[in-house]
Structure formats: structure tokens, C-alpha cells
Amino acid sequence: MADRLPEPAGDTLLTAARAAFTDGTNAAAVAAAVLATAAALAAPRALRARTGGGPRRPPGQR
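With my numbering as the guide, the letters of the sequence shown map in order to residues 57 to 118.
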């Protein structure tokens, strides 16, 4: 599309499209990192609550 426009307009459009793509990719990467960190912090707590909280011991031991 940019190659069909006159040179100044095509260059401006191409520059804007590249910047928008890069900004969107960066925002998605930051959001993914935040979600992954939150999941990593929440996982031990969720697993601990599900399994009873401590290491399992053989029957008969305290």
C-alpha cells in the first residue's frame, strides 16, 4: 500500500506502521511477562492450598 502512494506520504505511512507494530509487540510482551510473573507467584500458593500445605510423611510418623 505504501509503495502506491507518493513518496513523502508512503514513507510517512511506512514509518508509522513500523512504529505501531513495534509498540504493539512491546506492549504484548510486557503484558505476557506480567501475567507469567503473576502466575509464577500464585502457583505455589494454589498448589499448597490444594495439597494440604506441607511435605507428605509416611503413615505413622509425626
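Note that CB positions come from ideal geometry on N, CA and C, so glycine has one too.
For residue i, name the three-state secondary structure that DSSP assigns.
{"i": "GLY116", "result": "coil"}
{"i": "LEU70", "result": "helix"}
{"i": "LEU61", "result": "coil"}
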